[in-house]
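Peer 1:
Protein chains: 2
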Amino acid sequence: MVKPRLQDVADRAGVSMKTVSNVINGYQHVSEATRNRVMAAVDDLGYRPNLAARNLARGRSGLIALVVPRLDFPYFAALSGRVLQAARTVGWEVVIEQTDGDLELERQVIAGHLARRIDGLIFSPVAVGADEIRGRADPTPLVLLGEHVADAGVPHIAIDNVAAAALATQHLIDIGCRRIGMIGATRRQDNPRYQGFRQAMKRSGLPVDPSLVRSTRSTEGIEGERQLSAILDGSESPPDGVFCATDWLALGAIRAIHRHGLRVPQDIAVVGFDAIPYGEVASPSLTTIMPDRDQIARRAVAALLEADERTTGRSAREPLDHQDVDFRLIVRESTDRR
Amino acid sequence: MVKPRLQDVADRAGVSMKTVSNVINGYQHVSEATRNRVMAAVDDLGYRPNLAARNLARGRSGLIALVVPRLDFPYFAALSGRVLQAARTVGWEVVIEQTDGDLELERQVIAGHLARRIDGLIFSPVAVGADEIRGRADPTPLVLLGEHVADAGVPHIAIDNVAAAALATQHLIDIGCRRIGMIGATRRQDNPRYQGFRQAMKRSGLPVDPSLVRSTRSTEGIEGERQLSAILDGSESPPDGVFCATDWLALGAIRAIHRHGLRVPQDIAVVGFDAIPYGEVASPSLTTIMPDRDQIARRAVAALLEADERTTGRSAREPLDHQDVDFRLIVRESTDRR
DNA sequence: ATGAAAGCGCTAACAT
DNA sequence: ATGTTAGCGCTTTCAT
């Protein structure tokens with residue numbers, strides 16, 4: 435016997451398809467005896483529901499899409515892992531898409547072209563703006579992640595990047611740094627991590643020396659090494675602390691410092707951002723900002739679930755526009771001057 | 435108008451559903467004029483095929499599953515990214531599952547319980563054995579990845595781990611190391627990387643000092659640090675070179691070396707395995723074995739595609755049992771003694 | 001080259 | 001509590 439169908443189970447159990455369906459979907463109002471007969475038939479036949487058929491009938495796919503720039507970027511790898519877990523607990527499977535930060539691709543994502551047949555979309559945009567997102571036509575429930583968007587009219591889940599960056603910078607100040615630089619201060623005006631950096635400096639009455647602040651073209655480590663080298667080569671007096679917008683950049687920065695014959699943290703203390711898995715085993719290990727990734731993942735899935743219930747009419751709660759996620763500073767060797 | 439269906443397009447174009455279907459699926463034998471009319475109708479209506487319905491009718495889902503231990507493990511993150519790309523080029527979307535190396539979960543995977551409704555499965559097992567895989571009942575096309583299986587009766591795509599480990603070890607010998615240790619020599623007898631290590635040592639007439647060889651409980655960096663510390667604490671004379679079964683372990687090992695006041699590579703040279711993105715920005719940067727991940731991904735997808743065509747009867751080519759993937763040694767600072 | 005219509009396997013409204 | 005049955009939207013065989 436190949437691929438038993440619902441009807442086969444029904445026949446074997448001596449009931450109708452409806453009853454089998456009820457049992458399988460855990461509905462109430464099925465007598466104990468009937469349920470047992472059905473379950474036995476299911477086991478005997480090795481029946482598994484055909485999801486394509488179920489999807490068609492229900493109008494739902496049991497699939498959500500997660501769209502990130504690149505899966506091999508450490509932060510997104512770690513985050514994606516959590517999202518898979520969170521989705522699984524509510525019965526969703528996840529298809530992952532990579533945009534590589536491509537604007538055209540990101541546009542297709544919000545237009546709903548990349549992954550149709552999905553019940554919801556968790557999207558970490560980098561190129562596309564809030565306006566375009568707000569004006570989208572696709573009705574698929576959407577949740578935004580990350581620091582690149584704000585006020586796009588859809589739920590947005592992220593840590594308070596300004597506060598987190600300020601905390602990181604303040605930590606450098608607390609351990610005695612006075613000439614503090616920043617790597618990854620790209621697109622200054624709307625870069626929340628740069629804003630947080632400035633804020634902390636200002637609060638402590640420290641000047642921001644423009645020659646110690648660099649933007650980066652990519653988030654990759656090699657770029658961090660390049661930019662910090664530029665700072666060390668270009669400035670008459672080097673910084674005594676550096677805040678890096680990501681851990682990956684920070685790892686590169688540490689290389690640059692070593693190459694210039696300086697020590698971390700004694701000569702230059704370094705703080706990263708993101709708490710990627712490698713920061714812990716780097717030499718020296720990396721002080722960093724750790725966003726609560728589990729919380730991000732769980733809330734993103736929960737927001738989608740709510741949107742879904744809103745569609746189905748089971749819930750009418752208004753969607754939250756923005757949710758702040760917990761974060762904390764993890765102090766490690768790269769700032770440990772004791 | 436909401437959600438136009440095939441029939442709507444047909445009506446508007448003044449043709450039958452069959453014709454629209456033909457056009458959409460790019461079949462031959464459609465007159466130019468008809469095709470244009472249909473395309474126009476599709477555009478006007480903004481029609482997009484309902485995949486659930488198509489799946490049901492075709493009996494295929496357009497989905498494959500990729501099952502890895504954990505997505506936030508660097509090697510798998512990088513690999514998964516490539517698999518997504520490769521799958522996309524042939525029109526497959528990918529749902530990713532994590533097993534966390536759990537035997538029970540891995541059993542469910544080969545039993546086809548985790549991800550049904552998929553056209554194929556790319557699986558990187560760690561706990562389940564070749565025998566169980568060979569005896570599986572589920573007919574879903576399966577491709578195996580990684581060094582933990584061999585001869586399971588299904589296509590297996592991996593580098594020659596013995597040869598690669600021997601190459602890494604030989605490199606240590608070439609740069610002058612004589613007391614060489616290994617971290618991650620878990621389950622000695624069937625650990626190909628350990629075999630390769632022994633092979634290279636033997637070929638050069640060097641003894642393997644058991645006190646310099648350690649297995650690891652996990653693949654995480656902290657475990658590498660722990661085990662190399664144990665070696666340095668336990669042995670009267672330390673090694674002058676260490677081969678680590680993974681880069682992640684190697685990063686931890688380097689920390690241990692530093693903590694013991696020794697230098698890499700001058701006192702102890704270190705070679706890793708996998709070429710994770712961080713090896714490049716570590717301090718010192720990490721010499722490693724780089725498997726051709728693109729090749730792995732492309733071949734895995736290709737093997738699934740072939741199996742699929744075999745099912746459909748479009749191809750009768752016999753499946754390849756095992757495919758060796760290219761790899762190379764990348765020499766970086768952790769072994770650069772010039 | 002195009003049309004008519006029978007499924008694909010399940011869900012859920014309606015009936016009892 | 002359980003049964004009957006009409007869809008869900010597309011593909012595809014068989015006609016024409």
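The listed protein sequences correspond, in order, to chains A and B. Be aware that the first sequence starts at 435, since it is given in our numbering, and climbs by one per residue. Be aware that the second sequence starts at 435, since it is given in our numbering, and climbs by one per residue. Backbone N, C-alpha and C fix where the C-beta goes; we use that ideal spot for every residue, glycine too. A quick note: this is a predicted structure, and the numbers were derived from the prediction, not measured.
Under 8 angstroms, Cβ to Cβ, is there at least one residue of chain A near B/H692?
Peer 2: Cβ-Cβ to chain A under 8 angstroms: yes for B/H692.
Peer 1: By the 10 Å Cβ neighbour count, where 16 or more other Cβ atoms means buried, how is A/Y481 classified, buried or exposed?
Peer 2: Classification of A/Y481: buried, given that the 10 Å Cβ count is 16 or more.
Peer 1: Note down, in chain order, all residues in the segment 643-666 of chain A with a beta-carbon under 9 angstroms from any beta-carbon belonging to chain B.
Peer 2: So the list reads E654, G655, I656, G658 and E659, given in the order they occur along the chain.
Peer 1: Using DSSP bridges, identify the partner residues of B/L555.
Peer 2: In the DSSP output, where bridge partners are listed per residue, B/L555 has B/A499 and B/L576.
Peer 1: Over what stretch of residues does the alpha helix (DSSP H) that includes B/L539 continue unbroken?
Peer 2: Note, B/L539: alpha helix (DSSP H), L537 to A545.
Peer 1: Any beta-carbon of chain A closer than 8 angstroms to the one on B/Q532?
Peer 2: It does; some Cβ of chain A falls within 8 angstroms.
Peer 1: Using DSSP with H/G/I as helix, E/B as strand and the rest coil, what is A/E752?
Peer 2: Coil at A/E752, not helix or strand.
Peer 1: Can you give me the C-alpha to C-alpha distance between A/L754 and A/P589, rounded to a whole angstrom?
Peer 2: Roughly 6 angstroms separates the two Cα atoms.
Peer 1: In whole angstroms, what separates the C-alpha of B/P718 from that of B/G695?
Peer 2: Between B/P718 and B/G695, the C-alpha separation is close to 15 angstroms.
Peer 1: Would you list the residues sitting across from A/T721 in a DSSP beta bridge?
Peer 2: A/T721 is bridged to A/V705.
Peer 1: Give the C-beta separation of A/A602 and A/F677 to the nearest angstrom, bearing in mind that I take them to be a contact with Cβ-Cβ under 8 angstroms.
Peer 2: The Cβ separation is near 5 angstroms, so the contact holds.
Peer 1: Look up B/H590 in the DSSP assignment and say whether it is helix, strand or coil.
Peer 2: Reduced to three states, the DSSP call for B/H590 is strand.
Peer 1: With the cut-off set at 8 angstroms, would you say B/A664 and B/R771 are in Cβ contact?
Peer 2: The answer is no: Cβ separation not under 8 angstroms.
Peer 1: Pull up the CB-CB distance for A/L376 and A/L555, whole angstroms please, since I reckon it's below 8 angstroms.
Peer 2: Shown here, chain A extends from 435 to 772; a query on residue 376 of chain A therefore has no answer.
Peer 1: Which residue from A/P711, A/T653 and A/K437 puts its Cα closest to that of B/D572?
Peer 2: Ranking A/P711, A/T653 and A/K437 by Cα distance to B/D572 puts A/K437 first.
Peer 1: Consult DSSP for A/D760 and reduce its assignment to one of helix, strand or coil.
Peer 2: Reduced to three states, the DSSP call for A/D760 is coil.
Peer 1: With distance defined between alpha-carbon atoms, name the residue in B/R733, B/M635, B/I614 and B/Y628 nearest to B/H582.
Peer 2: Among B/R733, B/M635, B/I614 and B/Y628, the Cα nearest to that of B/H582 belongs to B/Y628.
Peer 1: Within the present structure, is the beta-carbon of A/C611 separated from the nearest heavy atom of the ligand SAM by less than 7 angstroms?
Peer 2: Ligands are entirely absent from the displayed structure, and the ligand SAM is therefore not among its contents.
Peer 1: If we define contact as Cβ-Cβ less than 8 angstroms, is A/G686 a contact residue for chain B?
Peer 2: For A/G686, the answer is yes, since a Cβ of chain B falls inside 8 angstroms of its Cβ.
Peer 1: Kindly confirm or deny that the segment 649-667 of chain A and the segment 617-625 of chain A touch, where touching means at least three C-beta pairs closer than 8 angstroms.
Peer 2: Counting Cβ pairs under 8 angstroms, three or more are found: they touch.
Peer 1: In angstroms with no decimal places, state the Cα-to-Cα distance between A/I567 and A/N470.
Peer 2: So the alpha carbons of these two residues sit roughly 50 angstroms apart.
Peer 1: Out of B/R551, B/N456, B/T468 and B/I544, which one is the CA nearest neighbour of B/L490?
Peer 2: If we check each option's Cα against that of B/L490, B/R551 comes out closest.
Peer 1: Since A/G515 is in the alpha helix (DSSP H), which residue starts that stretch and which ends it?
Peer 2: Unbroken alpha helix (DSSP H) run through A/G515: P508 to T523.
Peer 1: Against chain A, with Cβ distances strictly below 8 angstroms, would B/P711 count as a contact?
Peer 2: Interface residue, yes.
Peer 1: Please compile the residues from chain A whose C-beta is within a distance smaller than 8 angstroms of the C-beta of B/L606.
Peer 2: The contacting residues do not exist; B/L606 stays about 20 angstroms from chain A at best.
Peer 1: Going by C-alpha distance, which of A/A444, A/Q441, A/V765 and A/L440 is nearest A/H605?
Peer 2: Of A/A444, A/Q441, A/V765 and A/L440, the residue nearest in Cα terms is A/V765.
Peer 1: For A/R689 and A/A545, I'd like the C-alpha separation in whole angstroms.
Peer 2: If you take the alpha carbons of A/R689 and A/A545, they lie about 42 angstroms apart.
Peer 1: Please report the residue range of the beta strand (DSSP E) in which A/G615 lies.
Peer 2: A/G615 -> beta strand (DSSP E) spans I614 to I617.
Peer 1: Under 8 angstroms Cβ to Cβ from B/Q729, same chain only, skipping five residues before and after it: list those, please.
Peer 2: Correct list, in chain order: V759 and D760.
Peer 1: With B/E670 as the anchor, note down where its beta strand (DSSP E) starts and where it stops.
Peer 2: Per DSSP, B/E670 belongs to no beta strand (DSSP E) and is neither H nor E.
Peer 1: When DSSP builds the beta bridges, which residues end up paired with B/I530?
Peer 2: Paired residue(s): B/L500.
Peer 1: Consult DSSP for A/R648 and reduce its assignment to one of helix, strand or coil.
Peer 2: Strand at A/R648.
Peer 1: Please determine if the segment 514-533 of chain B and the segment 493-506 of chain B are in contact, where contact requires at least 3 C-beta pairs separated by less than 8 angstroms.
Peer 2: The answer is yes - the segment 493-506 of chain B touches the segment 514-533 of chain B, with three or more Cβ pairs under 8 angstroms.
Peer 1: Helix, strand or coil: which one does DSSP assign to A/V698?
Peer 2: If DSSP states are grouped into helix, strand and coil, A/V698 belongs with coil.
Peer 1: Between the segment 485-500 of chain B and chain A, which residues of the former have a C-beta closer than 8 angstroms to a C-beta of the latter?
Peer 2: Those residues of the segment 485-500 of chain B that come within reach of chain A (Cβ to Cβ, closer than 8 angstroms) are L485, A486, A487, N489, L490, G493, S495 and L497.
Peer 1: Please confirm whether B/R551 has its beta-carbon closer than 8 angstroms to some beta-carbon of chain A.
Peer 2: Answer yes: the Cβ-Cβ gap between B/R551 and chain A drops below 8 angstroms somewhere.
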